[in-house]
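**Student:**
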Ligand SMILES: C[S@@+](CC[C@H](N)C(=O)[O-])C[C@H]1O[C@@H](n2cnc3c(N)ncnc32)[C@H](O)[C@@H]1O
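Numbering (this note's numbering), first residue to last: 5 to 441.
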């Protein structure tokens with residue numbers, strides 16, 4: 005319940021800073037505030053008040069104010085005495101006219117103010133004017149008798165548009181122009197596609213932008229490997245389509261995915277194409293981007309934490325390190341010409357990262373060993389950042405056998421180089437570094 009206290013008589017009982025703070029809060033809400041010092045309280049002084057806050061910390065006064073307020077039907081809060089509170093003052097995120105109230109039912113003011121600080125960082129100052137703008141649009145649509153379903157479409161368009169960014173940048177006139185266009189119920193609104201990286205698996209490794217995109221999307225076309233915890237960030241009305249490979253089921257053909265993205269965007273939807281890791285690292289993001297651009301669709305890429313970065317991190321292996329490695333090559337273990345190509349890369353870079361390494365691990369390690377020798381340190385990390393993460397370390401000579409013994413599965417990433425021997429031996433293999441965030 006939010007209470008309108010403008011011009012209402014409110015009483016604060018008590019002295020000192022707490023009473024002053026409560027008085028200030030009530031004044032800010034427009035109340036007509038009267039402060040009664042503890043020693044001046046007498047039964048009867050609360051008469052005519054809408055709301056009372058007793059900060060006196062005196063059990064006898066607390067008992068009397070509570071009894072008087074209850075008898076007169078006045079809302080009272082006796083500070084730090086939950087049993088003598090008819091209302092609780094929540095922590096407030098103030099983005100007027102948007103207000104968010106947080107209450108822990110008196111259990112932990114600390115948690116309430118911590119959450120407030122987090123929400124304040126998340127919801128910037130632009131949310132105030134943006135809410136006011138949506139309010140103006142709403143009044144206008146209602147006056148014109150626009151049906152509710154169409155109104156909702158307009159609000160969704162406003163929410164997912166660049167209007168908030170424009171307000172944040174101080175470009176109020178441009179924000180209003182965009183809002184006016186989007187508020188025309190019949191106006192055709194072009195759809196958009198975002199190629200978004202989902203990271204290696206742990207939803208904590210999604211970017212803030214990726215989370216926002218998922219929350220706003222009308223459609224999310226995702227790879228099979230994207231975890232349910234990550235998909236949980238999708239908004240309640242988002243349509244999810246799994247277009248990835250699954251055991252026993254062929255993945256949707258790339259052209260079919262491209263066509264579907266184009267079709268949905270042309271219908272005016274905000275579409276997220278959600279891919280494991282980073283969309284542009286062995287993720288076919290480039291092909292999708294090209295098809296969308298050729299079709300004239302508005303497209304953005306939101307990078308993700310690639311397994312090429314996340315897998316070594318999860319195992320505590322630095323990719324570069326002063327005096328040990330100053331160059332890095334990333335490649336794939338699949339594809340016909342892998343052998344030659346990998347040998348050249350292994351010779352050229354201090355650290356070599358090989359994605360899609362699981363199926364051909366024995367061949368890959370021996371091809372690389374032919375160039376670097378079987379003693380070169382190497383590690384393989386599967387399901388990095390996920391609960392089932394496994395790390396196996398060794399040398400090019402013994403890694404494949406060790407991985408087989410450990411029953412290491414897919415998806416797996418191979419890391420080769422002296423960096424592997426620097427930290428990994430003292431690093432607890434199963435630790436998920438992301439959780440220390
Ligand atoms: C088709 S590639 C896609 C790579 C992705 N776009 C990226 O940037 O991480 C799939 C390969 O990524 C690697 N990979 C993906 N997720 C992984 C994880 N959680 N742990 C280890 N390797 C992973 C594996 O090598 C897997 O075979």
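We treat Cβ as the ideally placed atom computed from N, Cα and C, and that holds for glycine.
The alpha helix (DSSP H) that contains residue 141, what's its start and end?
**Tutor:** Residues 131-147.
**Student:** Considering only their Cβ atoms, is the gap separating residue 264 from residue 225 smaller than 8 Å?
**Tutor:** Yes; because the gap between Cβ atoms is below 8 Å, this pair is in contact.
**Student:** For residue 166, I'd like the list of residues in its chain whose CB is within less than 7 Å of its CB, leaving aside the five on either flank, ordered along the chain.
**Tutor:** Hits under 7 Å: 182.
**Student:** Between the region 294-313 and the region 196-210, are three or more C-beta pairs nearer than 8 Å?
**Tutor:** The region 294-313, when compared against the region 196-210, does touch it at the 8 Å Cβ threshold.
**Student:** Taking its Cβ as the centre, do 16 or more other Cβ atoms sit within 10 Å of residue 262, making it buried, or is it exposed?
**Tutor:** By the neighbour-count rule (16 or more Cβ atoms within 10 Å), residue 262 is buried.
**Student:** Quick one: Cα of residue 365 to Cα of residue 177, how far?
**Tutor:** Taking the straight line from one Cα to the other gives about 59 Å.
**Student:** How close, in whole Å, do the beta carbons of residue 384 and residue 418 come, if the pair is a contact with beta carbons under 8 Å?
**Tutor:** Between residue 418 and residue 384 the Cβ distance is about 5 Å, and since that is below 8 Å, they are a contact.
**Student:** If you draw a straight line from the C-alpha of residue 147 to the C-alpha of residue 186, how long is it?
**Tutor:** If you take the alpha carbons of residue 147 and residue 186, they lie about 17 Å apart.
**Student:** Any chance the CB of residue 114 is under 7 Å from a heavy atom of ligand 1?
**Tutor:** No; taking the cut-off as 7 Å, the Cβ of residue 114 has no heavy atom of ligand 1 nearer than that.
**Student:** In this structure, does DSSP put residue 49 in helix, strand or coil?
**Tutor:** Looking at residue 49 - three-state DSSP - the assignment turns out to be coil, as it is neither helix nor strand.
**Student:** If you drop the 5 nearest sequence neighbours on each side, which residues of the same chain put their C-beta closer than 7 Å to that of residue 270?
**Tutor:** 195, listed in sequence order.
**Student:** Under 8 Å by Cβ, that's how I've got residue 404 and residue 359 pegged, so tell me the actual separation to the nearest angstrom.
**Tutor:** Actually they are not in contact, since the Cβ atoms of residue 404 and residue 359 sit about 17 Å apart, beyond 8 Å.
**Student:** Determine, using beta-carbon pairs with one atom in the region 230-237 and one in the region 207-220, whether at least three such pairs fall under 8 Å.
**Tutor:** Contact holds: three or more Cβ-Cβ distances are below 8 Å.
**Student:** List the whole-angstrom C-beta distance separating residue 420 from residue 321, where the pair is believed to meet the contact cut-off of C-beta under 8 Å.
**Tutor:** No, residue 420 and residue 321 are not in contact; Cβ-Cβ is about 10 Å, not under 8 Å.
**Student:** Quick check on the DSSP output: the beta strand (DSSP E) that includes residue 257 runs from which residue to which?
**Tutor:** Where residue 257 is concerned, there is no enclosing beta strand (DSSP E), given that its DSSP letter is neither H nor E.
**Student:** Just how far apart, CA to CA, sit residue 85 and residue 59?
**Tutor:** Straight-line Cα distance between these residues: approximately 10 Å.
**Student:** Whose C-beta lies closer than 7 Å to the C-beta of residue 23 among residues of the same chain, with five residues either side of it excluded?
**Tutor:** Contacts found: 16, 39 and 59.
**Student:** Is residue 30 closer than 8 Å to residue 9 when the C-beta atoms are compared?
**Tutor:** Result yes, Cβ atoms of residue 9 and residue 30 sit closer than 8 Å.
**Student:** Taking residue 130 as the reference, which of 170, 155 and 117 has the closest Cα?
**Tutor:** The shortest Cα separation from residue 130 among 170, 155 and 117 belongs to 170.
**Student:** Would you report the Cα separation of residue 354 and residue 381, rounded to the nearest angstrom?
**Tutor:** Cα-Cα distance, rounded: 12 Å.
**Student:** Near residue 108, which residues of its chain fall below 6 Å by C-beta distance, leaving aside the five closest residues on each side in sequence?
**Tutor:** Cβ neighbours of residue 108 beyond the five flanking positions: 115 and 116.
**Student:** Output needed for residue 387: all residues of its chain with C-beta closer than 6 Å, excluding positions within five of it in sequence on either side, in chain order.
**Tutor:** Closer than 6 Å at the Cβ level, and outside the excluded window around residue 387, lie 393.
**Student:** In angstroms with no decimal places, state the Cα-to-Cα distance between residue 193 and residue 272.
**Tutor:** Looking at the two C-alpha atoms, the distance is approximately 6 Å.
**Student:** I'd like to confirm something about residue 285: is its beta-carbon nearer than 7 Å to some heavy atom of ligand 1, or not?
**Tutor:** Residue 285: yes, Cβ under 7 Å from ligand 1.
**Student:** Assuming contact is defined by CB atoms lying nearer than 8 Å, are residue 13 and residue 52 in contact in what I supplied?
**Tutor:** Closer than 8 Å, so yes.
**Student:** How about residue 164 and residue 220: are their beta carbons less than 8 Å apart?
**Tutor:** Yes, Cβ-Cβ distance for residue 164 and residue 220 is below 8 Å.
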